[in-house]
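Trainee: Handing you a structure now.
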Amino acid sequence: MRHLGAFLFLLGVLGALTDICEIPEVDIQLVEKLGQRLLPWMDRLSREHLNPSVYVGLRLSSVQDGTKEKLYLRSLKLDYQQCLLRSALSENDSDCQAKPSMGRLSLYLLALRANCEFIRGHKGDRLISQLKRFLEDEKRAIGHNHKGHPHTSYYQYGLGILALCVHQKRVHNNLVGKLLYAVEHDRLHQSHFSVDTAAMAGLAFTCLKRSNFNPDQRHRITMAIRTVQEKILKAQTPEGYFGNVYSTPLALQLLMTSPMSGAELGTACLKAKVALLASLQDGAFQNAVMISQLLPVLNHKTYVDLISPDCLAPRVMLEPATTTLPQIQDPETINVTLQVLSLLQPYRQAIPVLAGSSLEDVLKKAHMLGGFIYETQASLSGPYLTSVMGKEAGKREFWQLLQAPNTPLQQGIADYRPKDGEAIELRLVSW
Ligand code: B12
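Per mature numbering (1 follows the signal peptide of the UniProt record, and there is no 0): the sequence shown = residues -18 to -1, 1 to 413.
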């Protein structure tokens, strides 16, 4: 208790000394460990594995994977350019069944900037037009009265504006206006405040402001940046996270760009850093997208730095992790209860799996045992649960993962590892 008191006192003193959001130097070994978890991705060059977020995260970090990064970007280019351009010509392209979404196209554009490239030429112009068309569609879906919702999400809407901005492509006031209105009227999120979405909107606005774009909206943009920053600061948990552990990296990216200053900001960021470091020790960061959003922060960088990135900054070469084989003990069997109560015919079953299994393993086993069916869709964050017992989540619905009775999981089916005796509920909810 005395230690904690002294520690909080120290934080207060440090916070008072630094009144901007700064993340002090982080142990490079810790960063290397995180970077190493991304290395397997660098070898996966097939369409379903290519992940522009991973590339952006590495390039904005203090570590590198040498020539593999070049190859990776080349594969990204081949895939995204060919797919998008071809699918613009014909909707039924057998090679490109899933046309990249607005968000993925935006991340691809961020990846180009992370390599200090501007989108160029005829093909480049068409990609930019494609992204602008996506945003126009979303604007129409939100509607004149702002009562509608984007087909994707305000997260992807913000990402789209950010991507155009770092490529020095101006976007029309009325496109920016939709995101401004959503921030001003608390419409970024449906049910509860999403720190990730607010942070992404804030990063997009910060880019517009730094680039002196949309001068007529300058005042609104400045106020919107302040609004999201204040809300994110208010969302800090007693442990120090902004929202939860996984929204903290993007939140920090935004707060680090902040023109705001004050002891409160400095202390809040230090507290978040301490909480993040503790979660790193606990192995919370396994997911590639999450690592890719965190690495820039540990290198004092944000997505806004993609306006003019430093591509010559020295970075430490990553060595493949030396794997120590775990001691094989008798694999213990645990029981996890799986329940689906939100359907007419409820399902509840204890599923025996090996200790350390993921929730996805539990679903597979339940399917094998009979009486349980489900479907997933690949996403950048991993397999996303789309349908349970034949019931597909509709528009603005999703299959929520909860620890019974009511605690939403903070990880997806591939990453979450239930404990013995735990009950997991899959619940169809609106968002
Ligand atoms: C928007 C969003 C949602 C929307 C997605 C629907 C939509 N039309 O956009 C909704 C509200 C439905 C949602 C649901 C969930 N989400 Co979510 N979501 C996000 C958010 C804000 C943006 C995702 C995005 O657009 N990325 C950009 C595009 C380009 O990438 P993409 O791969 O093409 O995007 C798709 C996937 O990300 C997928 N998706 C969304 N969330 C999740 C979560 C997981 C684990 C997976 C595998 C996929 C997935 O939906 C996107 C649109 O199709 C991120 C924030 C972030 N920091 O990344 C959180 C985030 C990814 N979600 C998260 C979580 C935990 C979930 C849930 C597991 C929550 C729960 N307890 O049920 C569920 C998924 C359950 C399932 N069925 O598998 C965490 C993941 C943390 C981690 N360790 O990986 C994040 C980081 C939020 C957070 N800070 O906690 N989410």
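Ideal Cβ placement from N, Cα and C applies to all residues, glycine included.
To the nearest angstrom, how far is the alpha carbon of Arg409 from that of Ser193?
Mentor: Here residue 409 is taken as the residue at index 427 of the sequence shown, counted from 1. Here residue 193 is taken as the residue at index 211 of the sequence shown, counted from 1. So the two alpha carbons sit approximately 44 Å from each other.
Trainee: Identify whether Asp75 lies in helix, strand or coil by the three-state DSSP scheme.
Mentor: Counting from one through the sequence shown, the residue named residue 75 turns up at place 93. Low per-residue confidence applies at Asp75: pLDDT is 49, beneath 50, and the placement is therefore not dependable enough to give any value.
Trainee: Does the ligand B12 have even one heavy atom less than 7 Å from the beta-carbon of Thr306?
Mentor: What you label residue 306 is simply residue 324 of the sequence shown in a count that begins at 1. No, the Cβ of Thr306 stays beyond 7 Å of every heavy atom of the ligand B12.
Trainee: Out of Thr304, Leu325 and Val335, point me to the one whose CA is closest to Asn317's CA.
Mentor: Counted from its first residue, the sequence shown places residue 317 at position 335. Per the Cα distances, Val335.
Trainee: Here's a check: name, in chain order, each residue in its chain whose Cβ is nearer than 6 Å to the Cβ of Ala396, leaving out the five neighbours to either side.
Mentor: Position 414 of the sequence shown, counted from the first residue, corresponds to residue 396. Counting only Cβ-Cβ distances below 6 Å, and skipping sequence neighbours, we find Ser340, Glu342, Gly364 and Pro365.
Trainee: What would DSSP say about residue 465, mapped onto helix, strand or coil?
Mentor: Residue 465 lies beyond the range of the chain shown here (-18 to 413); nothing can be said about it.
Trainee: Less than 7 Å between the CB of Ile395 and some heavy atom of the ligand B12, yes or no?
Mentor: Mapped onto the sequence shown, residue 395 falls at position 413. Answer for Ile395: yes, Cβ within range of the ligand B12.
Trainee: Is Trp23 helix, strand or coil when you go by DSSP?
Mentor: In the sequence shown, counting from the first residue as 1, residue 23 sits at position 41. Of the three classes helix, strand and coil, the one that applies to Trp23 here is helix, per DSSP.
Trainee: Where does residue 466 sit, in a helix, a strand or coil, going by DSSP?
Mentor: The question about residue 466 has no answer here: the residues shown for the chain are numbered -18 through 413.
Trainee: If you check the beta carbons only, do Ile214 and Arg19 fall under 8 Å apart?
Mentor: For the purposes of this step, residue 214 is taken as residue 232 along the sequence shown, with counting starting at 1. For the purposes of this step, residue 19 is taken as residue 37 along the sequence shown, with counting starting at 1. Not closer than 8 Å, so no.
Trainee: Taking only three categories from DSSP, how would you classify Ile333?
Mentor: The residue you call residue 333 lines up with position 351 of the sequence shown. Note: Ile333 maps to strand in three-state DSSP.
Trainee: For Leu391, name the three-state secondary structure that DSSP assigns.
Mentor: Mapped onto the sequence shown, residue 391 falls at position 409. Coil.
Trainee: If you measure from the CB of Phe224, is any heavy atom of the ligand B12 nearer than 7 Å?
Mentor: As a first step, residue 224 must be located in the sequence shown, where it is residue number 242. It does not: the Cβ of Phe224 is nowhere closer than 7 Å to a heavy atom of the ligand B12.
Trainee: If you draw a straight line from the alpha carbon of Arg29 to that of Gly403, how long is it in whole angstroms?
Mentor: Locating residue 29 in the sequence shown gives position 47, where the first residue counts as 1. Locating residue 403 in the sequence shown gives position 421, where the first residue counts as 1. So the alpha carbons of these two residues sit roughly 38 Å apart.
Trainee: Could you tell me the alpha carbon to alpha carbon distance between Leu294 and Gln311, rounded to whole angstroms?
Mentor: Within the sequence shown, the letter at position 312 stands for residue 294. Within the sequence shown, the letter at position 329 stands for residue 311. About 48 Å.
Trainee: Bridge partners of Thr358, per DSSP?
Mentor: Taking the first residue of the sequence shown as 1, we reach residue 358 at position 376. DSSP, once it has assigned bridges, lists Leu367 as partnering Thr358.
Trainee: Whose C-alpha, out of Thr219, Leu300, Lys401 and Gly353, is nearest the C-alpha of Ala257?
Mentor: In the sequence shown, the residue the question calls residue 257 occupies position 275. Closest by alpha carbon: Thr219.
Trainee: For Phe175, list the residues DSSP reports as bridge partners.
Mentor: Position 193 of the sequence shown, counting from 1, holds the residue named residue 175. Answer is none; Phe175 lacks a bridge partner.
Trainee: Quick check for students: name the residue ranges of the beta strand (DSSP E) that lie wholly in the segment 37 to 61, counting only runs of 3 or more.
Mentor: Fully enclosed beta strand (DSSP E) runs of 3 or longer: not present.
Trainee: Since Met238 and Gln211 are thought to touch, with beta carbons under 8 Å apart, how far apart are those beta carbons, to the nearest angstrom?
Mentor: Translated into positions along the sequence shown, residue 238 becomes position 256. Translated into positions along the sequence shown, residue 211 becomes position 229. In fact, because the Cβ distance is near 11 Å, the residues do not count as touching under 8 Å.
Trainee: Does chain E have any CB closer than 8 Å to the CB of Ser35?
Mentor: You won't find chain E in this structure, because it holds only one protein chain.
Trainee: Return the first residue and the last residue of the alpha helix (DSSP H) that Glu120 is part of.
Mentor: Here residue 120 is taken as the residue at index 138 of the sequence shown, counted from 1. First-last of the alpha helix (DSSP H) with Glu120: Gly103 to Ile124.
Trainee: Rounded to the nearest angstrom, what separates Arg(-17) and His171 at their Cα positions?
Mentor: Residue numbering aside, residue -17 sits at position 2 when the sequence shown is read from its first letter. Residue numbering aside, residue 171 sits at position 189 when the sequence shown is read from its first letter. Interpretation of Arg(-17) is limited by its pLDDT of 49, a score under 50 that renders its predicted location unreliable; the figure taken from the coordinates is listed afterwards. Cα to Cα, Arg(-17) sits roughly 41 Å from His171.
Trainee: Looking at the unbroken alpha helix (DSSP H) that takes in Gln211, where does it start and where does it end?
Mentor: Counted from its first residue, the sequence shown places residue 211 at position 229. It spans Arg200 to Lys216 - the alpha helix (DSSP H) in which Gln211 sits, taken as one unbroken run.
Trainee: Can the beta-carbon of Gln138 be found closer than 8 Å to that of Gly184?
Mentor: Stepping through the sequence shown from its first residue, residue 138 is reached at position 156. Stepping through the sequence shown from its first residue, residue 184 is reached at position 202. Taking 8 Å as the Cβ cut-off, Gln138 and Gly184 do not qualify as a contacting pair.
Trainee: Which residues in the same chain have their Cβ closer than 8 Å to the Cβ of Leu351, if we skip the five residues on either side of it in sequence?
Mentor: Here residue 351 refers to the residue found at position 369 when the sequence shown is read from its first residue. Gln331 and Ile333.
Trainee: From Asp287 to Ala181, what does the alpha carbon distance come to, in whole angstroms?
Mentor: Here residue 287 refers to the residue found at position 305 of the sequence shown. Here residue 181 refers to the residue found at position 199 of the sequence shown. Cα-Cα distance, rounded: 15 Å.
Trainee: Nearest-angstrom Cα distance between Lys151 and Asn33?
Mentor: Counted from its first residue, the sequence shown places residue 151 at position 169. Counted from its first residue, the sequence shown places residue 33 at position 51. Roughly 23 Å separates the two Cα atoms.
Trainee: Do you know how far the Cα of Ala375 is from the Cα of Thr368?
Mentor: Counting from one through the sequence shown, the residue named residue 368 turns up at place 386. Counting from one through the sequence shown, the residue named residue 375 turns up at place 393. Going by the C-alpha atoms only, they are around 6 Å apart.
Trainee: Output needed for Lys15: all residues of its chain with C-beta closer than 7 Å, excluding positions within five of it in sequence on either side, in chain order.
Mentor: Position 33 of the sequence shown, counting from 1, holds the residue named residue 15. So the list is empty, once near-sequence residues are dropped.
Trainee: Compute the beta-carbon to beta-carbon distance between Val38 and Leu117, rounded to the nearest angstrom, for a pair I have assumed lies under 8 Å.
Mentor: Here residue 38 corresponds to residue number 56 of the sequence shown, with the count starting at 1. Here residue 117 corresponds to residue number 135 of the sequence shown, with the count starting at 1. About 20 Å separates the two Cβ atoms, so there is no contact after all.
Trainee: May I have the straight-line CA-CA distance separating Leu144 from Asp9, to the nearest angstrom?
Mentor: Indexing the sequence shown from 1 puts residue 144 at position 162. Indexing the sequence shown from 1 puts residue 9 at position 27. Cα to Cα, the separation comes out at about 30 Å.
Trainee: Whole angstroms is fine: what's the gap from Ser35's alpha carbon to Phe354's?
Mentor: What you label residue 35 is simply residue 53 of the sequence shown in a count that begins at 1. What you label residue 354 is simply residue 372 of the sequence shown in a count that begins at 1. Each residue's alpha carbon lies about 34 Å from the other.
Trainee: For Gln235, does the three-state DSSP call read helix, strand or coil?
Mentor: For the purposes of this step, residue 235 is taken as the residue at position 253 of the sequence shown. In this structure, Gln235 counts as helix in the three-state DSSP scheme.
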